[in-house]
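Reading through the structure tokens given below for one structure.
Protein chains: 2
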Amino acid sequence: MTTGDAARTQLRRGVLEHCVLALLQSGERYGYDLVSELSGAGLLASEGTLYPLLSRLRRDELVESAWRESPSGPPRRYYALTDSGRAALDSFRHSWAQFAGSVDQLLQKGA
Amino acid sequence: MTTGDAARTQLRRGVLEHCVLALLQSGERYGYDLVSELSGAGLLASEGTLYPLLSRLRRDELVESAWRESPSGPPRRYYALTDSGRAALDSFRHSWAQFAGSVDQLLQKGA
DNA sequence: GCAAGGTACCTTGCGCGGCAAGGTACCTGG
DNA sequence: CCAGGTACCTTGCCGCGCAAGGTACCTTGC
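So the protein lines, in turn, are chains A and D. Under my numbering, the residues of the first sequence are numbered 767 to 877, in order. Under my numbering, the residues of the second sequence are numbered 767 to 877, in order.
Shown next, in the form of structure tokens:
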């Protein structure tokens with residue numbers, strides 16, 4: 767891995783969940799697909815993280831899922847946002863903006 | 767509290783530690799003082815979080831501490847950055863910028 | 001002179017979420 | 001036919017923030 771390993775791991779907490787919701791905004795996606803995108807963005811370190819997360823999102827009814835056959839390979843479970851999911855995402859965007867603002871300010875204060 | 771309670775709590779993970787380091791940049795501070803500043807900024811919910819954190823920072827030699835008497839009230843433990851602390855802070859600034867950038871981008875993608 | 005309340009430190013028990021490792025099954029390509 | 005990519009999932013662990021609770025100092029007011 768690049769830099770800031772341990773630090774990154776902590777940063778992802780709580781963010782990853784909402785990043786998944788954000789990715790679902792533009793249409794339904796399946797897990798393995800999300801894994802590669804989030805890993806690429808440096809927001810996910812292990813597959814083993816995402817599937818339990820998706821289960822939680824289903825349990826909390828922020829997403830709903832449907833099995834579809836793949837043109838090649840095993841079947842995929844596709845996820846889509848529910849209304850609650852969209853609401854949660856909007857709410858998080860505010861929290862994030864505010865939070866990130868505070869942190870930026872604090873980190874620069876006398877840099 | 768305002769909004770996004772639970773979300774906020776998760777967001778603070780790993781950030782708080784480095785915010786403390788950032789606050790020490792401009793000179794030594796004592797715990798109770800940090801508590802009020804960080805609480806004010808919405809980055810800390812409970813006193814009980816900070817003291818163990820400060821112990822960790824001491825253990826990892828990112829800060830050093832010295833007891834000083836207070837003009838009024840019980841003695842205070844003042845904390846100051848070590849060289850390692852300054853380095854950790856610099857390193858975190860990069861991680862944070864990169865991380866926050868990724869998140870911002872992802873959250874806006876099709877907002 | 002003593003109780004009340006602010007200052008200042010610390011500890012304990014808990015829960016949650018990300019990580020690593022491991023496991024199953026499907027399907028294609030050599 | 002089997003090696004390897006696709007795609008799903010589970011289990012055990014660890015670290016950090018939180019809430020609640022605890023000690024002691026010092027001032028203020030009655």
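We put the beta carbon where it would ideally sit given N, CA and C, even for glycine. Quick caveat: nothing in here was measured; it's all calculated off a predicted structure.
Listing by chain order, which chain A residues have their CB less than 9 Å from the CB of residue i?
i               : result
G780 of chain D : A772, A773, R774, T775, Q776, L777, R778 and R779
S805 of chain D : Here the premise fails: no neighbours, minimum Cβ distance about 12 Å.
Report the neighbours of residue i on chain D: residues whose CB is nearer than 9 Å to its CB, in chain order.
i               : result
S812 of chain A : Chain D residues near S812 of chain A: none, gap ~17 Å exceeds 9 Å.
For residue i, report the span of its alpha helix (DSSP H) as first-last.
i               : result
R774 of chain D : D771 to L777
S783 of chain A : Strictly speaking, residue 783 of chain A in this sequence is Glu, with Ser absent from that position. Start and end: V781 to L790.
Below 9 Å between beta carbons: does that hold for residue i and residue j?
i               : j               : result
E783 of chain A : L823 of chain A : yes
R779 of chain D : G780 of chain A : yes
L800 of chain D : W862 of chain A : no
L820 of chain A : S831 of chain A : yes
S857 of chain D : G867 of chain A : no
L873 of chain A : R859 of chain D : yes
To which residues of the same chain is residue i closer than 7 Å at the C-beta, ignoring the five residues directly before and after it?
i               : result
E827 of chain D : T848 and S850
E813 of chain D : V801
Skipping 5 residues on each side, what residues in its chain have a beta carbon closer than 8 Å to that of residue i?
i               : result
L905 of chain D : Here chain D covers residues 767 to 877 and nothing more, so residue 905 of chain D does not appear.
W833 of chain D : P841, R842, R843 and Y844
Residues of chain D with CB closer than 7 Å to the CB of residue i, please, in chain order.
i               : result
L809 of chain A : S868
Could you list which residues in chain A have their beta carbon closer than 7 Å to that of residue i, in chain order?
i               : result
A788 of chain D : L872, L873 and K875
Quick check: is any heavy atom of the ligand FAD less than 8 Å from the C-beta of residue i?
i               : result
P841 of chain D : Annotation note on the ligand FAD: not contained in the displayed structure, which lists no ligands.
Give the residues of chain D in contact with residue i, contact being defined as C-beta atoms less than 8 Å apart.
i               : result
W833 of chain A : Chain D residues near W833 of chain A: none, gap ~25 Å exceeds 8 Å.
Identify, in the order they occur along the chain, each residue of the same chain with its Cβ nearer than 6 Å to the Cβ of residue i, setting aside the five sequence neighbours on each side.
i               : result
P818 of chain D : none
Continuous alpha helix (DSSP H) assignments of at least 4 residues falling wholly in the segment 799 to 863 of chain A: 813 to 825
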